[in-house]
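In structure tokens form, the structure reads like this:
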């Protein structure tokens, strides 16, 4: 036993001697200092350090114990730079840190120092030599994460880039079979390349970086890489943040000849960051050009100049958590500097938040049912805080002895305790002037890191006071905070970690919001400012993709992003962006002036197309739907201030930005809750003002009116909105899109709104209001149908058949024909649900004999016959004296029906006059003739044909309800035809190019099964398709067309409508 102990002692001595022969003793190295500080784990013995089993495979690799147990990144490499180190790049000649935003702009800038360069260098040296000391130092004015980069080994991206390009091409949708297919080969190469990058990352992670090696610098905030891209100048390259590519490869070169290629890079060295492009070496250099913010300078790569850089270590990534494609902080061992948290006040179950320049406790009432639900993703973003060490250059785990700063994520302000006349007050400050100590409420080891979900007291380090709230009851409103000198148990906060996904999404939305607010501010003052139209246009596209169109993101994540978008109040923000450029809201431009710069290849706004208007063909769309080319842009307005006398290209870009805002607003309205009607109050007045000027304002406005307007308090002011649409018709001419809005206003949830109907009727038919001549198209009955007044001055009247024949054959009346069709739809909506005030105004102009003659006229288009039939039912059938009869309560067996056929509830002869019975007989004959001719045929893509079929089904539904089918034979014949309509085996789909269903050659090839167009009500993807269909429908240039809508949408819609109309009718008959 003594001999064994002696050998152990000799091994220890030998290990100590061996360690002493190294360039730096482990006991005096920064690693040992880090391990002996109170917050470190149990240090390793020298024997364990140099044990043969624990030696690295390469002399450049850090021992595994060091990488896993130390919390100091500078110590982990013995003062050398290793792969996986998170660093900040200090410019030694210009004094500043390399920084980038990566969200709004891709430029890389030099962020200036808030103190001298010498003081910053001394601080870096002190952090390397004495990492355990406490320092309260603020180095730069921007966010610390803008300046942090992870050092990665060289990776390859050629195969992945080729595969992504192939997927984005048009040929990517074609199906490919076989392993040898080109697309499959690209996919295989891309997957192999990703595996190779992952292996390189794992193998080299933690090894020393040598001079002459190629590395990559990954931005911690965005995950993008520093890249050098060519410019027009052959002697310079542009330095940007971009996705992985060959341009991201950088070479580390020594600044002085004391170092040479192949030696490890020391953290005390000055280096040169270079890249090779076309066999020429470009070095990263700080230019003299200003960045977008105007306060910092841009960085580029130059052939003749090179800047000297110093890498200041901040933290170290863990390869078990991070990967070659994504950086993730290691949160498994405790709280780290830079993580996002929420602080839950345990006594009041409220969250520490900041809003309106004040710090307070706020209870969550809308985001989650329980305020203590720490897993809720719907908590207010005002309660997000980033915890940072008081020294900018110090990262890693947070221990109980560390002083920290709390940065509010939304405002960028730091939690601060200020001294006022009334005493100490908790507030915020732009600079981290206050540091805090997280005091545990239970007995803990001060050397251990702070754990997640710990209960702590917030102690102000400078005044040694604790944050305290005077309210001891559960909070229902925000409560301010004060300070106390003595700790109280009721002042404890629970640390609740926030997922990195929520932090990244919030940071992205904050960056977008900042740019939008700068866009608004650029129009607020006479001095103007840079609206950054390029960045705004790009951000609107990114926001659209990020929140709605990201096909790689699961549905529930998209839903959370959409909820977060509403939480950040983007609807009022986008509404203010719509207002900002216009003089009516304090801006410089008039609406008509900006409207004049509408691109000629871009259709105007306005709903020129509805599902029931597909049998018309309008030559154009929007404000210039009469086929006339839009006028040239107006000349520059010299009366504007000089700063707002923009060229035509900038004005067109502004017009495009306003259109993109309206499309984004529509998607937000579509994704919001049905009960959320705040948009009607904020956005609807602005959208009404922009309607008809080519800004696509009708896209969000139509959805607001149809889905939310009747639920909002704004419905009380419907009279002004109705007048607004009539004024638009009087000002811009007769356009069907304005009538469409009035049609939607007349009903809500399938029922008429009488007060809106009567108000429209009063404004329409009372000449004293001044709208009759501008809105109405006068008609007069004839024995063969109707005549229209096409020229009121010349008193020119044209028969209805001739009018529409000229429209289809000779393209005459290109604006008036769709407008008259919309006017007929408005008449139907006004008479809906037996509104006799409107019926009395219209019955004289549309007698039933004339309407019936028009419906029977085969020369008229099916869509016109359908709307005239609906008007006939509203004016002359679904009104007094016709009354519904009770349905028979029989079992649905024809035998029982036949036994009680004498007791069927049908209309008797004395209930109506002879003329009425003649009229009812004509309607019955017309309907049965049409159904027998159809023989159950439903053309999926022939919307006009289906509209007429549905109109006849609604007619029969009313007639059966009134008992006008008076025999079993008549009812049986009707049931037979209706069952044929429900039979999906007679439903067909054909190409929209086919003009009529008579042209079908082989109907068996286009049979559609009932499950072909399946819709899932819980699928966000279907909502996205529906949104796109509505936008395309609204932006389309065809007001009314013969061709079909999208087959899937139409089939789903028609199936639902037939089921809703036919099934109750057949049930009643049987």
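Numbering (the working numbering), first residue to last: 234 to 1303.
From the three backbone atoms N, C-alpha and C, an ideal C-beta is built for every residue, glycine too.
Note that the structure is a prediction, hence the values are computed from the model and not measured.
- Under the DSSP assignment, residue 1161 falls in the alpha helix (DSSP H) whose first and last residues are 1147-1167.
- Going by DSSP, residue 1106 is part of no alpha helix (DSSP H) at all; its letter is neither H nor E.
- Rounded to the nearest angstrom, the gap between the Cα atoms of residue 1018 and residue 746 is 59 Å.
- The beta-carbon distance between residue 1180 and residue 1050, rounded to whole angstroms, is 17 Å. This is too long to meet the 8 Å contact definition.
- Counting along the chain, no alpha helix (DSSP H) covers residue 622; the unbroken beta strand (DSSP E) around it starts and ends at 618-622.
- Judged by DSSP secondary structure, residue 1029 falls within the beta strand (DSSP E) whose first and last residues are 1029-1032.
- In the DSSP assignment, residue 890 falls within the alpha helix (DSSP H) that extends over 881-904.
- Per DSSP, the beta-bridge partners of residue 313 are 499.
- Secondary structure of residue 1041 (DSSP, three-state): helix.
- Residue 971 carries a helical assignment under DSSP once its states are collapsed to helix, strand and coil.
- Taken in chain order, the whole beta strand (DSSP E) runs of length 3 or more contained in the stretch 462-522 are 469-475, 483-487 and 503-510.
- Nearest Cα to residue 776 within the set 795, 758 and 788: 795.
- In chain order, 659, 691, 714, 716 and 724 place their CB closer than 7 Å to the CB of residue 700, counting only its own chain and leaving out the 5 sequence neighbours on each side.
- The secondary-structure analysis by DSSP pairs residue 430 with nothing; it has no beta-bridge partner.
- Taken in chain order, the whole beta strand (DSSP E) runs of length 3 or more contained in the stretch 931-1000 number zero.
- Under the 10 Å beta carbon count, residue 546 is surrounded by 16 or more other beta carbons and is classified as buried.
- The stretch 645-655 makes no contact with the stretch 622-631, as fewer than three CB pairs between them are under 8 Å.
- Contact check for residue 382 against residue 420 fails: the beta carbons are separated by 8 Å or more.
- Looking at 584, 829 and 1029, the one whose alpha-carbon comes closest to that of residue 880 is 829.
- Between residue 443 and residue 495, the gap from beta carbon to beta carbon is short of 8 Å.
- Sequence-distant Cβ neighbours of residue 550 in its own chain, meaning closer than 7 Å and more than five residues away, are 317, 319, 383 and 560.
- About 14 Å separates the beta carbons of residue 380 and residue 370, which is beyond the 8 Å limit, so they are not a contact pair.
- The DSSP-derived three-state label of residue 1139 is coil.
- By the neighbour-count definition (other C-beta atoms within 10 Å, threshold 16), residue 1218 is an exposed residue.
- The straight-line gap separating the alpha-carbon atoms of residue 806 and residue 797 is approximately 14 Å.
- DSSP places residue 458 in the strand class (E or B) of the three-state scheme.
- Looking from the CA of residue 642, the closest CA among 361, 1202, 541 and 574 belongs to 574.
- Under DSSP, residue 1187 forms no beta bridge with any residue.
- Pairing residue 1067 with residue 1112, the inter-Cα distance amounts to about 6 Å.
- Straight-line spacing of the CA atoms in residue 312 and residue 548 works out to 13 Å.
- For residue 869, same chain residues with a beta-carbon under 6 Å away, outside a window of 5 residues either side, are 878 in chain order.
- Between residue 620 and residue 568, the C-beta gap is smaller than 8 Å, which places the two residues in contact.
- For residue 669, the enclosing beta strand (DSSP E) has its first and last residue at 669-673.
- Cβ contact annotation for residue 866 (same chain, cutoff 8 Å, sequence separation greater than five): 829, 830, 881, 884 and 885, in chain order.
- With respect to the C-alpha of residue 873, the residue from 803, 761, 954 and 809 having the closest C-alpha is 761.
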